[in-house]
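Residues in the sequence shown are numbered from 13 upward in steps of one, following my numbering.
Using N, Cα and C, we set each Cβ at its ideal position, and we do this for glycine too.
Take a look at the structure set out below.
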Amino acid sequence: MSSDWSIDTIVHALPVPELRQQALREIHLAPVNELQAVVDRWRAVAAEWALTTGPRVEEARAHVEATGELPPQYEETRESVAAFDGWRQQMQSLRQERGAA
Numbered sequence: 013m014s015s016d017w018s019i020d021t022i023v024h025a026l027p028v029p030e031l032r033q034q035a036l037r038e039i040h041l042a043p044v045n046e047l048q049a050v051v052d053r054w055r056a057v058a059a060e061w062a063l064t065t066g067p068r069v070e071e072a073r074a075h076v077e078a079t080g081e082l083p084p085q086y087e088e089t090r091e092s093v094a095a096f097d098g099w100r101q102q103m104q105s106l107r108q109e110r111g112a113a
């Protein structure tokens with residue numbers, strides 16, 4: 013991706029509408045003395061997506077379209093199930109803590 017980023021190209025490089033809205037909100041509400049740092053952070057997120065994550069997602073999507081199955085590296089394993097269950101428990105705990113606060 014080009015090094016000639018604008019707020020528009022940064023936002024359009026983000027994968028989902030919620031993330032785009034968050035970026036726009038943070039950029040628009042940033043104090044002037046923090047604006048460059050906020051833009052730089054979102055530019056890094058957009059570049060990471062465009063250069064690494066996006067192509068992997070597209071590759072997996074194309075594989076599913078061609079074969080009807082996920083690529084082997086995305087198949088469920090005992091470890092992935094345990095990691096997801098741990099993450100879900102952590103999120104439930106955080107929600108409960110916030111509800112109690």
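Start and end residues, alpha helix (DSSP H) containing residue i
i: PRO29; result: 29-41
i: PRO84; result: Taken as a continuous stretch (DSSP letters only), PRO84 belongs to no alpha helix (DSSP H), as it is neither H nor E.
i: THR79; result: 66-79
Three-state class that DSSP yields for residue i in the structure shown
i: TRP54; result: helix
i: ASP16; result: coil
i: LEU26; result: coil
When the options are compared against residue i, the one with the closest alpha-carbon
i: TRP17; options: ALA42, ARG37, GLU91 and ALA56; result: ALA56
i: ASP52; options: GLU88, GLU38, ALA72 and PRO29; result: GLU38
i: THR21; options: TRP54, PRO83, VAL44 and PRO43; result: TRP54
i: VAL50; options: TRP61, GLN34 and GLU60; result: GLN34
Cβ of residue i within 8 Å of any chain B Cβ
i: LEU63; result: Protein chain content of the structure displayed is limited to a single chain, and chain B is not contained in it.
**OP:** Please determine if the region 55-70 and the region 19-28 are in contact, where contact requires at least 3 C-beta pairs separated by less than 8 Å.
**Re:** yes
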